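Protein sequences, first through last, are from chains A and B.
Going by our numbering, the first residue of the first sequence is number 1, and it counts up by one from there.
Going by our numbering, the first residue of the second sequence is number 1, and it counts up by one from there.
Even glycine gets a Cβ: it sits at the ideal position worked out from N, Cα and C.
Since this is a predicted model, take the numbers as computed values, not measurements.
2 protein chains.
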Amino acid sequence: MNRITIKDVANLAGVSKTTVSHVLNQTRFVQEETRQRVLKAVEELGYRPSSIARSLVSKRTKTIGLLISDVGNPFYPDVILGVEEVALANDYSIFLCNTNYDLQRALKYIHTIIDKSVDGVLFMSSSMTLEMVEEVTKHQIHAVVLDWGAMNLEEMASTITINFEVGIQQAIQHLVEIGHRYIAHVSGPLNLWTAQVRRDAFLRALQKFGLDWENAVVIEGDLRIEGGRKALDELMKLDPRPTAVFTANDLMALGLIWSARNYQLNLPADLSVVGLDDIDLSSKVTPPLSTVAMPRNEIGKMAMKMLLELIEAGDSGSKQKVMVDTAFVLRQSTAPLL
Amino acid sequence: MNRITIKDVANLAGVSKTTVSHVLNQTRFVQEETRQRVLKAVEELGYRPSSIARSLVSKRTKTIGLLISDVGNPFYPDVILGVEEVALANDYSIFLCNTNYDLQRALKYIHTIIDKSVDGVLFMSSSMTLEMVEEVTKHQIHAVVLDWGAMNLEEMASTITINFEVGIQQAIQHLVEIGHRYIAHVSGPLNLWTAQVRRDAFLRALQKFGLDWENAVVIEGDLRIEGGRKALDELMKLDPRPTAVFTANDLMALGLIWSARNYQLNLPADLSVVGLDDIDLSSKVTPPLSTVAMPRNEIGKMAMKMLLELIEAGDSGSKQKVMVDTAFVLRQSTAPLL
DNA sequence: TTGAAAGCGCTAACAG
DNA sequence: CTGTTAGCGCTTTCAA
Numbered sequence: 001m002n003r004i005t006i007k008d009v010a011n012l013a014g015v016s017k018t019t020v021s022h023v024l025n026q027t028r029f030v031q032e033e034t035r036q037r038v039l040k041a042v043e044e045l046g047y048r049p050s051s052i053a054r055s056l057v058s059k060r061t062k063t064i065g066l067l068i069s070d071v072g073n074p075f076y077p078d079v080i081l082g083v084e085e086v087a088l089a090n091d092y093s094i095f096l097c098n099t100n101y102d103l104q105r106a107l108k109y110i111h112t113i114i115d116k117s118v119d120g121v122l123f124m125s126s127s128m129t130l131e132m133v134e135e136v137t138k139h140q141i142h143a144v145v146l147d148w149g150a151m152n153l154e155e156m157a158s159t160i161t162i163n164f165e166v167g168i169q170q171a172i173q174h175l176v177e178i179g180h181r182y183i184a185h186v187s188g189p190l191n192l193w194t195a196q197v198r199r200d201a202f203l204r205a206l207q208k209f210g211l212d213w214e215n216a217v218v219i220e221g222d223l224r225i226e227g228g229r230k231a232l233d234e235l236m237k238l239d240p241r242p243t244a245v246f247t248a249n250d251l252m253a254l255g256l257i258w259s260a261r262n263y264q265l266n267l268p269a270d271l272s273v274v275g276l277d278d279i280d281l282s283s284k285v286t287p288p289l290s291t292v293a294m295p296r297n298e299i300g301k302m303a304m305k306m307l308l309e310l311i312e313a314g315d316s317g318s319k320q321k322v323m324v325d326t327a328f329v330l331r332q333s334t335a336p337l338l
Numbered sequence: 001m002n003r004i005t006i007k008d009v010a011n012l013a014g015v016s017k018t019t020v021s022h023v024l025n026q027t028r029f030v031q032e033e034t035r036q037r038v039l040k041a042v043e044e045l046g047y048r049p050s051s052i053a054r055s056l057v058s059k060r061t062k063t064i065g066l067l068i069s070d071v072g073n074p075f076y077p078d079v080i081l082g083v084e085e086v087a088l089a090n091d092y093s094i095f096l097c098n099t100n101y102d103l104q105r106a107l108k109y110i111h112t113i114i115d116k117s118v119d120g121v122l123f124m125s126s127s128m129t130l131e132m133v134e135e136v137t138k139h140q141i142h143a144v145v146l147d148w149g150a151m152n153l154e155e156m157a158s159t160i161t162i163n164f165e166v167g168i169q170q171a172i173q174h175l176v177e178i179g180h181r182y183i184a185h186v187s188g189p190l191n192l193w194t195a196q197v198r199r200d201a202f203l204r205a206l207q208k209f210g211l212d213w214e215n216a217v218v219i220e221g222d223l224r225i226e227g228g229r230k231a232l233d234e235l236m237k238l239d240p241r242p243t244a245v246f247t248a249n250d251l252m253a254l255g256l257i258w259s260a261r262n263y264q265l266n267l268p269a270d271l272s273v274v275g276l277d278d279i280d281l282s283s284k285v286t287p288p289l290s291t292v293a294m295p296r297n298e299i300g301k302m303a304m305k306m307l308l309e310l311i312e313a314g315d316s317g318s319k320q321k322v323m324v325d326t327a328f329v330l331r332q333s334t335a336p337l338l
């Protein structure tokens, strides 16, 4: 019992493969009566056209590669959902490529998706290199790159950059307005471009509000819960102690908050904390976390749409560069300085 | 500038396509000197064989579909990682199919992956029907189904069933040993098979330890953080109040714990809580959550391995039915009853 | 030790 | 209004 092919349908309907193809794709007029016969045969046999065969001739697979660092990172779910939503609506399938923060692994995925002739790839992992984008585009595969400003990929790919500046500034402004003058930062690993960007935005915000940014306390963290706990340990050693802390992501903020109990700290009264990301959890913990949010779902949708545009446009399309803003979300992890 | 094909390589090397194919696949002996010429041509042109064309003839795509409910559900990351690990090791790619708890959407994905001729599919979503498995297998696509005992798919698919009985029993035993006699349960939506299984296991455990299981308090939750909060509201209305609560998943346990502050409850002294899942977070919150754990990463690996076996075996292979155990993990969200 | 040719399932000129 | 034919890029008999 083999796969049912277009030929089987043609035979059963008593027409040529061509006609079957045309009624299925509505690509030329077919006598209503013939059309019905074909449709009936299709129905009867449960025929489904082979995407493989189609792709071989059309040079299109209706498939994209999604390169992310870590499915477990709470940053991704919303983004993926956005990507998926527009992919699904346009009948695109998604190859999941989880780099697990590993360049070798990313590279292997790049090769696989080139071999599989995807129509495009979404680079959403920090574990990537310029060469990967080059490799991919060399094989006429389109790309859009998320928040990876370290490199200049002008005409190679569309890009989405997240503007942390505005949200971070709002956050610091809020802290200043409620009386804080001594604000520390827990950064991500500073070899990461995105960690530097956030730290620099933080420093600039301090400067803007007339605080001592040159001697600002910056503790390097790991972007995970554990990093937040360790950061608090550092903070507690300081004398005087900062009255507020801004962390490079929510996970560290949460770790810090949860660790505060061990020091008999009463949050937010004894220490105000602001995160960044606005992951799902943040609004649900006690106290709900004030944070710098970005429209993750929108970012996902936008990325996929941009990729679609590149694909539709073929080589003629020029690459877009868009920037998306962040915004401070006030919840209850910050309190006025008494 | 078109795709580089095997023909280009053949021309450059001055041999036939056949020979190129054979050296690349090591499928028959080729004179060392010729072999080198071919390899050199491949290198020079940056040639990569088209998986599409290969699949068309081999009837294998080295691709599987991964059907899950919700990327954001903390149950999945570890499982996915496991799946991916063995997939990657065997050069399989993964189509991400996120049903979003939506049957229609699941169905659409089923059709897509049938069209794309995946070699197998991993059903890991509760949003699925027996028909989907039938549909898939009818198209000679192999399947393994995770924890979905509601139906009898004997010879259609391999299955992995999670044995909640043992872990839940351990959990209740622990609570009983530290003095609890009045233990409530927060279940999942009881129309879900898996929610019933857990509740029943809970009830049987009560019975086993001589507690009043017939009048046991079971509050129906939504498996989300919010559900935990609401459940605590219900619990607080009870008089007398249960001294311990077992929730059907960790998310609800956490919601309950975080909500406890609003009632000035001191955890775990005033209320012991035990979750189920052992999601990453659970060990990292304060107090760390005692919970019923399952080897999620192992489950992912196992599922993919079982699928691989089905694929390799072709139709001859018989379907495996495996069961994986759960185990109670003692942390600090439970306390002896004074 | 290597090639020629057929064919995987489909689409798209080109004919009629 | 419909069919014949070539070909997408590869693998695999069969033959030499």
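What does a CB cutoff of less than 7 Å around S391 of chain B pick up in its chain, not counting 5 residues either side in sequence? The requested residue 391 of chain B is not part of the displayed model; chain B covers only 1 to 338.
Cβ atoms of G179 of chain B and P336 of chain B: under 7 Å apart, would you say? yes
Looking at the structure shown, is E154 of chain A part of a helix, part of a strand, or coil, going by DSSP? coil
Spatial neighbours of H139 of chain B within its chain, please: CB distance less than 7 Å, with the 5 preceding and 5 following residues excluded, ordered by chain position. I114
Can you give me the C-alpha to C-alpha distance between A244 of chain A and S272 of chain A, rounded to a whole angstrom? 4 Å
What residues from chain A crowd round G255 of chain B, counting only those whose CB sits closer than 8 Å? K284
Alpha carbons only, please: which of A:G221, A:V217, A:A41, A:L122 is nearest the one belonging to I64 of chain A? A:L122
I want to check one thing, is the minimum distance from the CB of P77 of chain B to the heavy atoms of the ligand COA below 6 Å? Of the ligands one can find in the structure shown there are none, so the ligand COA has no counterpart to examine.
For my contact list, G300 of chain B and D78 of chain B are in at a C-beta cut-off of 8 Å; report their separation, rounded to the angstrom. 7 Å
Identify the contact partners of S55 of chain B in chain A, using a Cβ-Cβ distance below 7 Å as the criterion. I52
Apart from the five residues on each side of it in sequence, which residues of its chain come closer than 6 Å, Cβ to Cβ, to T247 of chain B? V186, A253, G275
I'd like to know if the stretch 164-172 of chain B and the stretch 131-138 of chain B are in contact, where contact means that at least 3 CB-CB pairs between them fall below 8 Å. no
For T63 of chain B, write down the residues that DSSP places opposite it in a beta bridge. B:S93
Going along chain B, which residues have a C-beta under 7 Å from F95 of chain A? S93, I94, F95
Ordered along the chain, which non-local residues of its own chain (more than five positions away) have a Cβ less than 8 Å from that of S126 of chain B? S69, Y101, W148, L192, W193, T194
Pull out every residue of the stretch 68-83 of chain A whose Cβ sits closer than 9 Å to any Cβ of chain B, in chain order. D70, V71, G72, N73, P74, Y76, P77, D78, I80, L81
Go ahead and label G314 of chain A buried or exposed: buried means 16 or more other beta carbons lie within 10 angstroms of its beta carbon, across all protein chains shown. exposed
Is it buried or exposed, G398 of chain A, if we count other Cβ atoms within 10 angstroms and call 16 or more buried? What is shown of chain A runs 1 to 338, which leaves residue 398 of chain A out entirely.
Does chain B have any CB closer than 7 Å to the CB of D115 of chain A? yes
Please decide whether N249 of chain A counts as near chain B, where near means a Cβ-Cβ distance under 7 Å. no
Please report the residue range of the beta strand (DSSP E) in which T194 of chain B lies. Element bounds for T194 of chain B: not the beta strand (DSSP E) but the alpha helix (DSSP H), 193-208.
First through last residue of the beta strand (DSSP E) which encompasses M302 of chain A: Unbroken run through M302 of chain A is the alpha helix (DSSP H), 296-313; no beta strand (DSSP E).
Assign H22 of chain A to one of three DSSP states: helix, strand, or coil. helix
Entirely enclosed beta strand (DSSP E) segments - the stretch 163-191 of chain A, minimum 3 residues: 183-187
Taking the alpha-carbon of I225 of chain A as reference, which of A:I257, A:K62, A:I183, A:V285 has the nearest alpha-carbon? A:I257
Closest by CA to D212 of chain A, which one among A:D239, A:S93, A:I183? A:I183
Would you decide whether A157 of chain A is buried or exposed? Buried here means 16 or more other CB atoms lie within 10 Å of its CB. buried
Tell me which residues of the stretch 262-291 of chain B have at least one Cβ-Cβ distance to chain A shorter than 9 Å, keeping chain order. N262, D280, L281, K284, V285, T286, P287
Of all the alpha helix (DSSP H) runs that stay within the bounds of the stretch 234-274 of chain B, which reach a length of 4 or more residues? 250-260
Buried versus exposed, by CB contacts within 10 Å (16 or more), K40 of chain B: exposed
Identify the continuous beta strand (DSSP E) that holds M128 of chain B and give its terminal residues. Looking at the DSSP string, M128 of chain B is not in any beta strand (DSSP E), and its letter there is neither H nor E.
Any C-beta of chain B under 7 Å from that of R48 of chain A: yes
Taking only the alpha-carbon atoms, compute the straight-line gap between S290 of chain B and Q170 of chain B and give it to the nearest angstrom. 11 Å
What is the DSSP secondary structure of S290 of chain A, counted as helix, strand or coil? strand
Exposure of N2 of chain A, with buried meaning 16 or more beta-carbon neighbours within 10 Å: exposed
Any beta-carbon of chain B closer than 7 Å to the one on I110 of chain A? no
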